Amino acid sequence: PRTIYLKDYRAPDYWIDRTDLKVDLHEGQSRVEATLSLRVNEAHWTPGQPLPPLELQGSELVLEGAWVDGVALGADEYQLTEQGLVIQAPSARFELRTRCRIEPQNNTSLEGLYKSNGMFCTQCEAEGFRKITYYLDRPDVMSVFSCRISADQIRYPVLLSNGNEIDRGVLEEGRHWVQWHDPFPKPAYLFALVAGDLQHVSDQFVTRSGRTVTLQLYTEPRNIGKCDHAIDSLKRAMRWDEEVYGREYDLDIFMIVAVDHFNMGAMENKGLNIFNSSCVLASADTATDASFQRIEAIVAHEYFHNWSGNRVTCRDWFQLSLKEGFTVFRDAEFSADMNSRAVKRIEDVSLLRTAQFAEDAGPMAHPVRPDSYMEISNFYTLTVYEKGAEVVRMIHRLLGAEAFRRGSDLYFERHDGQAVTVEDFVRAMEEASGIDLTQFRRWYEQAGTPRVTVSDSYDSASGRYSLHFSQSCPATPGQVSKLPFHIPIAVGLLDAEGHDLLPDSTRLVELTEAQQTVHFEAISERPVPSLLRGFSAPVKLSYDYSDAQLAFLMANDSDAFNRWDASQQLCVRVLQRMVPQYLEGTPLKVDGVLTEAFSALLRAPVSDPAALETMLVLPAEAYLAEISEPVEVEAIHAAREALANHLAERFAPEFEHLYRDSQLEGAYQPTAEHMALRSLKNAALGYLARGSDAGVELAHQQYRAANNMTDRFRALATLVHCERGSARALAKSCLQDFYDNFKNDPQVIELWLSVQASCQRDGALERVQALMAHEAFDAGNPNKLRSLIGVFCSQNSIGFHSGEGAGYRFLADQVIELDQRNPQIASRLVTPLTRLRKYPAARQQQMREQLQRIFTHSLSPDLYEVVSKSLQ
Ligand code: B3K
Ligand code: ZN
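One gets the UniProt record's numbering by counting positions in the sequence shown from 1 and adding 5 to each.
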């Protein structure tokens, strides 16, 4: 495959003002007729000169005919190439009609038009539209679409596309048609079509200017009882975008469709969002709190794209973070406003530190705005999404909420209906605020996670406290040396009583130099610094705290995020001291400071259950791996287990109280308060089951008595993951019971697969292989692949790395086979093998051998790019 470079960007030679599609759906061959109103790009052509050739992209299409201004093209008047269809334009404006055959029922890539459980649906971002018809399949070509769908009336009573339904009728042979028109010009990646035997729930939203919008959620009839939460979330998101960004919805109807086979979470097609069922359907009996919250966030994310992505779209795919980073920032703030702000921040930062930092340190590291790619599907990454959101968050912090809002208003107004760049976004922010972001732009250009090292000094005579900062950034592929970043660091200073010493409690320090010292005057005593409050920049910051200082921050910092961070850092330290003990074969010891800090935490009255729960969750093995070099898999696991067991034993009475005090009466409610109590209760349950057989029995009781999926599933997971002998038989019978009760519900079965895939007890690989042969597994469904194979390889470190490379061989086998059917998923699933350089030599070699074995096969561009870069 070839490499595409940002520096080679060139506007298209033609524009497509109108796109009229006729899609004739059949069980065998479907037909797509496309009529395009083309107009030469005047910037590339002067009258009198020959017109440039029109090169349309197309893939897996069978061309049946092409007509220019109504006249059929002869065989010598067009060329079919590897990329698509080339014709000579007759004039500066003309109409091209093409007719193609496609076979959606055989499309296993889930890109373009395909079938899921008997319904037709589409996924066009980034380059799937070219699998539907010949087109200028690039985001800077924006067109007004209409779409007439025809299909069998019995099998496909519901026919949907973007915009408004404008007409419908019946045809011979039991067929019918519906005509849709979308008045807003859009790139092809936002096109969508759905045909199926679907039911829907309907609601309304009145915009602040008084327009009534119809809201509909379509799904297969069996799921109709699982739609309310998504609709409620949608209404909250619509209101929030009006209040916080002044953005109103623009069509008269907004539709969501739930689809079981989907490569990603969801897709923001104009007026017709398509969702992975697991990211939209929920009921108390079948969905956990975590999935209720994820649904709220994703529904909001896709809705917010209507402005940040659809009304203002991307010029080219290098600008992907323009819409994704900004929209993730928007949905994170929405979730923070709807739930606990601190907990949302903690969850997002945990993900960033675990997975995005690992990406930044791996062979696929790239800037938030990449400057080259082979396959764009590989760049829907944590860097583009989550780090991109952190970059927007830093702009928000540097400008302040008001100037940021002026900036977003300017951006939306100035670029409405355009396909623009990250630069356009940053410039709007600069112009609206008067703040110079020249150096800040490096966040978009340079890959890698910056390191910030901090030391301090205090002069008691003058009352001057000084912080000395130095920053650097490790080399990443193609970028050896980096220039200093503009890094906002929120700093607080605590006195000996734990009170903030600074007048406004927090001061924003702006680092711009490689080395920089900042002074604080009139500081009455030597303070304990609270650094990077709220995680004000996506960096790795280090300051040489004593254990006692971390315990002090954990108890006293006024910044909730930093209280959590101090507890994590203290745990990390203790765990990192245990790793060499494990390797030397000496007993693992837990430091007393940590025990005391937990004692204080657990004996204090519970003011914020959600925040307390985050502190009871020990740093994940994946995070511990990210900060280790080389990664000692067994030692990390043993250390973490030992620490958890120590806490379980030491604080059994406290956990018992927490468990009893967090019980909820009455019907399940997915409210923030109830979710917080349930999460705290279930964290306590985990420790209780570690600590005693009575705790195991408690988990079993909870499993049986639960009136909601959160409590039931957490109890099941506790039993499955518990190392105590008394848990074995109970885990087995509950897993069976769970399966018997929920086997017809795909979302619940995903949970069932994932809890087993993540179980680290001996024989994990064999259990996963056995599950692949189980009727519950379906290798054609990405959710099932992710819940079983994905979870095993990325979350079951002991299982994946054990058996002399057996786990690596297993993953390579799966990826090789999957690449034939679904390259996007294959290329994502292979990720754990690409982290080979983190591991000791023997494992590294075993991982490399498997990557090399994959590489001997004929690969999709997706997998080729990831594997070749990992082997470099
Ligand atoms: N924009 C889609 C992602 C499409 C991925 C294509 N490979 C979902 C989202 O970010 O909202
Ligand atoms: Zn998005």
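Where is the CB? At the ideal position from N, CA and C, for every residue including glycine.
Small disclaimer: the values here were computed from a predicted structure and weren't measured.
{"Asked": "Given 8 angstroms, three or more beta-carbon pairs between the segment 443–453 and the segment 487–503", "Found": "yes"}
{"Asked": "The segment 615–634 contacting the segment 819–838, beta-carbon criterion three pairs below 8 angstroms", "Found": "no"}
{"Asked": "Reference S282, options L404, I229, R241, closest by Cα", "Found": "I229"}
{"Asked": "Three-pair Cβ contact test at 8 angstroms for the segment 433–443 versus the segment 541–557", "Found": "no"}
{"Asked": "Distance cut-off 6 angstroms: M243 Cβ against heavy atoms of the ligand B3K", "Found": "no"}
{"Asked": "For V37, the three-state DSSP class (helix, strand or coil)", "Found": "strand"}
{"Asked": "Backbone CA spacing between V760 and L740 [nearest angstrom]", "Found": "9 angstroms"}
{"Asked": "heavy atom of the ligand B3K below 6 angstroms from residue 879 C-beta", "Found": "With the chain running from 6 to 877 in the structure shown, residue 879 is simply not present."}
{"Asked": "Close Cβ partners of A762 (< 7 angstroms) along its chain, the five nearest in sequence each way excluded", "Found": "V773, S792, L793, V796, F797, N801"}
{"Asked": "H412 and A394 closer than 7 angstroms at C-beta", "Found": "In the sequence as displayed, the identity of residue 412 is Gly instead of His. Contact: no."}
{"Asked": "beta-carbon E273 near the ligand B3K non-hydrogen atom, thresh 6 angstroms", "Found": "yes"}
{"Asked": "Contained alpha helix (DSSP H) runs [length at least 4] in the segment 151–207, N- to C-terminal order", "Found": "none"}
{"Asked": "Any 3 or more C-beta pairs closer than 8 angstroms across the segment 124–135 and the segment 191–210", "Found": "yes"}
{"Asked": "Whole-number beta carbon distance between R320 and D145, since they are thought to touch under 8 angstroms", "Found": "5 angstroms"}
{"Asked": "Beta-carbon spacing of G63, Y139 below 7 angstroms", "Found": "yes"}
{"Asked": "Cα-Cα separation, F430 to H420", "Found": "9 angstroms"}
{"Asked": "Secondary structure of V725, DSSP reduced to three states", "Found": "helix"}
{"Asked": "Cβ separation of D294 and P675, assumed to be a contact under 8 angstroms, to the nearest whole Å", "Found": "6 angstroms"}
{"Asked": "Proximity of R538 and T517 at Cβ, strictly below 7 angstroms", "Found": "no"}
{"Asked": "Stretch pair the segment 95–105 + the segment 161–181: three plus CB contacts closer than 8 angstroms", "Found": "no"}
{"Asked": "Residue from L26, E60, G70 whose Cα sits closest to the Cα of L149", "Found": "Reading off the sequence shown, one finds Val at residue 149, where the question assumed Leu. V149 has its Cα closest to that of L26, out of L26, E60, G70."}
{"Asked": "Extent of the continuous beta strand (DSSP E) run through V262", "Found": "258–264"}
{"Asked": "Residues near D562 by beta carbon distance below 6 angstroms, same chain, minus five either side", "Found": "S535, R568"}
{"Asked": "Under 7 angstroms between C-beta atoms of L856 and S875", "Found": "yes"}
{"Asked": "Contact with chain D by V753, beta-carbon distance below 7 angstroms", "Found": "The structure shown contains no chain D; it holds only a single protein chain."}
{"Asked": "Beta carbon of L498 nearer than 7 angstroms to that of P455", "Found": "no"}
{"Asked": "Between the CA atoms of A657 and L607 - distance to the nearest angstrom", "Found": "11 angstroms"}
{"Asked": "Three-state class that DSSP yields for T426 in the structure shown", "Found": "coil"}
{"Asked": "Start-to-end residues for the alpha helix (DSSP H) that takes in K594", "Found": "Note, K594: premise wrong, no alpha helix (DSSP H); not H, not E."}
{"Asked": "DSSP three-state assignment for A406, whether helix, strand or coil", "Found": "helix"}
{"Asked": "Neighbourhood of L11 by C-beta, 6 angstroms cutoff - its chain only, sequence neighbours within 5 removed", "Found": "F323, D376"}
{"Asked": "Check whether A704 and L690 have beta carbons under 7 angstroms apart", "Found": "yes"}
{"Asked": "N- and C-terminal bounds of the alpha helix (DSSP H) containing Q765", "Found": "Premise fails: Q765 is in no alpha helix (DSSP H) and is neither H nor E."}
{"Asked": "DSSP-derived helix/strand/coil call for A271", "Found": "strand"}
{"Asked": "Helix, strand or coil at I528 according to DSSP, with G and I counted as helix", "Found": "coil"}
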